[in-house]
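Beneath this line is the structure, given in structure tokens, with notes to follow.
There are 2 protein chains.
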Amino acid sequence: MSVPSQTIAPLGESIQLDTTTLTPFPNSRKIYVEGSRPDIRVPLREIQLSDTHLSTGQTETNSPITVYDSSGVYSDPSVTIDVCQGIPPVRAQWIIERGDTEVLPQVSSNYGKNRLNDPRLENLRFAHQIRTPRKAKAGHNVTQLHYARKGIITPEMEYIAIRENQRLETLRETDLKNRHTGESFGASIPKIITPEFVRAEVARGRAIIPANINHTELEPMIIGRNFLVKVNANIGNSATTSSIAEEVEKMVWSIRWGADTVMDLSTGKHIHETREWILRNSPVPIGTVPIYQALEKVDGKAEELTWEIFRDTLIEQAEQGVDYFTIHAGVRLAYVPLTAKRLTGIVSRGGAIMAKWCLAHHQENFLYTHFADICEIMQAYDISFSLGDGLRPGSIADANDAAQFAELETLGELTRYAWQQDVQVMVEGPGHVPLHLIKENMDKQLKECDEAPFYTLGPLTTDIAPGYDHITSGIGAAMIGWYGCAMLCYVTPKEHLGLPNKHDVREGIVTYKIAAHAADLAKGHPSAQIRDNAMSKARFEFRWEDQFSLGLDPLKAREFHDETLPKESAKVAHFCSMCGPHFCSMKITQDVRDYAQNKGIADVKIAVETGLAEKAEEFTTQGAVIYR
Amino acid sequence: MSVPSQTIAPLGESIQLDTTTLTPFPNSRKIYVEGSRPDIRVPLREIQLSDTHLSTGQTETNSPITVYDSSGVYSDPSVTIDVCQGIPPVRAQWIIERGDTEVLPQVSSNYGKNRLNDPRLENLRFAHQIRTPRKAKAGHNVTQLHYARKGIITPEMEYIAIRENQRLETLRETDLKNRHTGESFGASIPKIITPEFVRAEVARGRAIIPANINHTELEPMIIGRNFLVKVNANIGNSATTSSIAEEVEKMVWSIRWGADTVMDLSTGKHIHETREWILRNSPVPIGTVPIYQALEKVDGKAEELTWEIFRDTLIEQAEQGVDYFTIHAGVRLAYVPLTAKRLTGIVSRGGAIMAKWCLAHHQENFLYTHFADICEIMQAYDISFSLGDGLRPGSIADANDAAQFAELETLGELTRYAWQQDVQVMVEGPGHVPLHLIKENMDKQLKECDEAPFYTLGPLTTDIAPGYDHITSGIGAAMIGWYGCAMLCYVTPKEHLGLPNKHDVREGIVTYKIAAHAADLAKGHPSAQIRDNAMSKARFEFRWEDQFSLGLDPLKAREFHDETLPKESAKVAHFCSMCGPHFCSMKITQDVRDYAQNKGIADVKIAVETGLAEKAEEFTTQGAVIYR
């Protein structure tokens, strides 16, 4: 994949966003709920539903359903999108107002300076302008955790409370009643999320708000076991494929399908410039694994990595606005030999790099020994830790072994240290785990890391289905989400085989939205079942359009329906293709219900009992069923 | 879809089996393991693996892996397939030898006679010849359960023991050692399955062998919690679409991807003839829901159904060779009003039909009152019950409600009655259930039905993803399989939207094979992890071809890999597309391992500890990590 290199314009122009990402889904519109100040405008998606036609001939209105919306301004037709300008900096004023940050005279990292001054990169840089970065004033800590502990409710926190509630307060009591209470394994999700609840959870360390002060374009979101389960999508070029334009398109495509955060895992050329384009256009938190880029800077030779190169990379990325860093500080020298007898050794890229470095130098992991220094950088830009599980199992065989759990204990230690520095932390988890060992992972993480949010990849529940690893892992993801995992890192059908294309990304994200929602339902999240109930009612009433609208992927639902019954008239027909026009169980059920209603349920019951009484003797003499 | 109507030949000729179904997967070959007599020849699939190239320059052989094979003779290149002849009747001699059955002078059902004598159907009938059916001699019971209780080990039982073992006995002790012991929730799967164990489980009612004496083409298989979890695929035409040829192709296609049984749920035209073609070509058990056909016979008017029509339908299908019948005898009159307040009423087709009948007549369900009569028919042909869950929930909202559990209690009662008559029974289950309510379903079924095999549809764990219901339900299927469910009825991506095409069937079955295998792994099935381990080893060693071969869908795995790296050379390259040639975590891990091996792990440990000791003071003075 070559990148255009003649003029400045072409790169921005070459970014062609899919029209799907630039329009609301059918029968949906973007709404904004305003908070306590006019610049807190929280985007949600309102799904309009059609009326129910009762058998009496009357109609009944179905209230619109409001759902969480991660798709950003792209799906707002009133906003003109220009990727060369980036999206609106919704947080800019909040950060300025806090008065604890300052604009730097220039970027601080050596690498950032070099890239900025390299004339050969002119045509690759973010087209609008590289903003001069902002940093905490000397002696200040600008993390949301720091504010939370001081009792301050930030606009970010209020924004999140509105966002998580999904206008639950507008629903009738009856809408909320018809739901299962769930089993939350110790999570405690309140009926209504208040800004104070958000603050308290962040202060407790049980939730994080990944929100770098240099990522002003961010629509704030939260990750924690007492909130909706979130989904991360990975993008990123590699040495073999992909370009900057493709990565920006992938990011916008990912949030369209519901990704709550996006990790840029680029390892190829122009990582720095790619990241700038992504951040300026991303309404969701962007995470990275800085060691990947650091490794590029030493030509892929792990043993040549140094703290200085790594530190410069952290600052370079911090000043661009990366919201969370995966840091593999738990891969301690002493744990590396524990992996030697594994079936699949170390499969985490970051883990493998650090293991190699440790052995090459016979020294403790420099990410561990410099953890305090890293925390200082995190404080100054409000970057959240995503403590990497570099020793996660790479196969069913290696699940829950000594190496994995030794690292997890160290991650707990690092969590507590970061908390002492008021730095936000989540903890990464596996990987490949059979069903019966998943809960042990979650329970141990909750214990060792004192409820810091868990963020897992899958886990895959079997290794024998390459080409379907979104499914092998979606099973594990649903379960660990139920048990308490706060964010699920998606897996695409191409996992272990190749780089995902757009189709794969969509499949992977929707699969993980299913897992996250199934977990929310099982935990008894107060708003989760509303959408299921609306779908089920639409299904029962043959409101086909509403079934499409309410689905996680309205376009595919419609496309699949139309494959069998393409005619428009079929979308209002009281039968579906499975049964045909003369025979449909749902129609028969409606008859049963009408019957019960006409007679009154009590009457039917009496009739039934009378019938049974009459039949009783017959049964026993016939011997149809012997006992009871 | 019109069916050819000019000559006899065209229908058979119009059945075009996909070439995929007529060839073994790459690097796989069909093997037959012979039992105690030469006509017990159990098909298995042997996957050949390539050598491991060690870093020392030596090579290491990887033993072939033997796996279960449901694909029948279609994937045996030495067998010439002629759908007009049907496949070889492997069981014919065993049935004759038992001497307890007789060939009838003609088919017994009125409907069967009429169809046979209708000249307009000449061109639709199974091309070879309609075999005259066989039935138990008067006073005889020919069920596998009856034999089992008499202490007889049938050839079917021996066949199954060999099949379930997958040549486990040929493996080295070390291959078997590296596995998780699992959590089986009370299942007890022996290390080696013996014919006596099969007999004992059948005698106990804990497993069934669906094997109609008129389905001589059957390769026997078993359904029970102490055996491999099985998968069912549904096929069947409807009034709106599909032809006989398509249904035969779907059946062959289904078993190619791993379906262990196939249900023919046809509701359209020519159900009788379609079934004949399917049975004569099917090596797997065929299940049906006879009430569907009975309903066709009364032009879709449920209230016009009678026991006589239903009985004739049972006999008609019994004499064709159907192996198990879904019978909705648990939909009792008294339970119907319990569904009136549901969000989605009665969604089971069979359940809706019987509910309508009950209310129309104010009478108890005739399937319940005639249950003893039905048992008599089941005994005479060895048809297994699949007790239908006509009141299963059709939505998350309705899961685990009074109607569902009332019916389940009745299914338990019916199970015990059928067992008294030496008739084999499995019990059907939901449906739509949130994660946290799945186990209650399984536990209650085990209790109420005294461990009779459970056979569930999914369950779907959320309702909001039409177009992805293979995934919403695959999650639930894996979990209920782990908890003890014996067979999982697949769901395709088209569920709730339309009729599945070939692509959907493949997606649905592979998803369910994943769920079944994940369940086997978690239960600690002795042979389950062998394939995962072989895959993981191949993955670690960059043996790409072996990864494809070992997967549930070798063709898709290869296709996905080649999308990114199509060159043949890439298949032996020590890197994959995710990381590129200069950077690969697995390669680094190998370096780590080589290092550890060169130094000796003990040495490395000492080095590590020495290193740590040296570093200890430094850590504390630096204050990198404060406590411990």
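Line by line, the protein sequences are chains G and F.
Numbering-wise (the UniProt record's numbering), the first sequence opens with residue 1 and increments by one.
Numbering-wise (the UniProt record's numbering), the second sequence opens with residue 1 and increments by one.
Heads up, the beta-carbon is just placed ideally off N, CA and C, and yes, glycines get one too.
Small disclaimer: the values here were computed from a predicted structure and weren't measured.
What residues of chain G sit near residue i, judged by a beta carbon separation below 8 Å?
| i | result |
| --- | --- |
| F:Leu435 | Ala478, Met479, Trp482, Ala518, Ala519, Leu521 and Ala522 |
| F:Thr511 | Tyr468 and Ile471 |
Are there 16 or more other CB atoms within 10 angstroms of the CB of residue i, so buried, or fewer, so exposed?
| i | result |
| --- | --- |
| G:Gly182 | buried |
| F:Ile152 | exposed |
| G:Tyr324 | buried |
| F:Ile327 | buried |
| G:Gly412 | buried |
| F:His270 | buried |
| F:Lys230 | buried |
Can you name the residues of chain F whose CB is closer than 9 Å to the CB of residue i?
| i | result |
| --- | --- |
| G:His180 | Ile396, Ala397, Ala399, Asn400, Pro434, His436 and Leu437 |
| G:Ile514 | Thr461, Thr462, Ile464, Ala465, Tyr468, Ile471, Thr472 and Ile475 |
| G:Pro493 | Lys556 and Phe560 |
Against residue i, what residues of chain G qualify as contacts under a CB-to-CB distance less than 7 Å, listed in chain order?
| i | result |
| --- | --- |
| F:Glu563 | Gly498 |
Please confirm if residue i has its CB atom under 7 Å from at least one CB of chain F.
| i | result |
| --- | --- |
| G:Thr174 | no |
| G:Pro155 | no |
| G:Glu216 | According to the sequence displayed, residue 216 of chain G carries Thr and not Glu. Not closer than 7 Å to any Cβ of chain F, the Cβ of G:Thr216 fails to qualify, so no. |
| G:Glu303 | no |
| G:Lys605 | In this predicted model, G:Lys605 has a pLDDT of only 48, less than 50, meaning its place in the structure is not dependable enough to derive any value. |
Between the C-alpha atoms of residue i and residue j, what's the straight-line distance to the nearest angstrom?
| i | j | result |
| --- | --- | --- |
| F:Thr216 | F:Thr143 | 14 Å |
| F:Val425 | F:Ile383 | 9 Å |
| G:Arg125 | F:Thr23 | 53 Å |
| F:Met354 | F:Ala302 | 7 Å |
| F:Pro88 | F:Ala403 | 45 Å |
| F:Asn165 | F:Ile192 | 6 Å |
| G:Lys524 | F:His436 | Correcting the residue identity first, residue 524 of chain G is Gly in this sequence and not Lys. Going from the Cα of G:Gly524 to the Cα of F:His436 covers about 9 Å. |
| G:Leu44 | G:Pro554 | 17 Å |
| G:Thr20 | G:Ile346 | 39 Å |
| G:Tyr292 | G:Asn237 | 12 Å |
| F:Ala207 | F:Glu407 | 21 Å |
| G:His53 | G:Ser527 | 26 Å |
| F:Asn178 | G:Asp398 | 9 Å |
| G:Asp532 | G:Ile464 | 32 Å |
Going along chain F, which residues have a C-beta under 8 Å from residue i?
| i | result |
| --- | --- |
| G:Ile15 | None at all; the shortest Cβ gap to chain F is about 22 Å. |
With 7 Å as the threshold, decide whether the Cβ of residue i is near any Cβ in chain G.
| i | result |
| --- | --- |
| F:Lys297 | no |
| F:Thr52 | no |
| F:Ala355 | yes |
| message | Using a Cβ-Cβ cutoff of 8 Å, what residues of the stretch 526-557 of chain F are near chain G? List them in chain order. | response | Taking 8 Å as the cut-off between beta carbons, the residues of the stretch 526-557 of chain F near chain G are Gln529, Arg531, Asp532, Asn533, Met535, Ser536, Lys537, Arg539, Phe540, Gln547, Phe548, Leu550, Gly551, Leu552, Asp553, Lys556 and Ala557, in sequence order.
| Taking Cβ-Cβ distances below 7 Å as the criterion, which residues of the stretch 451-476 of chain G are in contact with chain F? | Within the stretch 451-476 of chain G, the qualifying residues are Thr461, Thr462, Asp463, Ile464, Ala465, Pro466, Gly467, Tyr468, Ile471, Thr472, Gly474 and Ile475.
| query | Looking at chain F, which residues of the stretch 183-196 of chain G have a Cβ within less than 8 Å of any of its Cβ atoms? | reply | Here the close residues are Glu183.
| Any residues in the stretch 322-339 of chain G with a beta carbon nearer than 8 Å to a beta carbon of chain F? Which ones, in chain order? | Answer set for the stretch 322-339 of chain G: Leu333, Ala334, Val336, Pro337 and Thr339.
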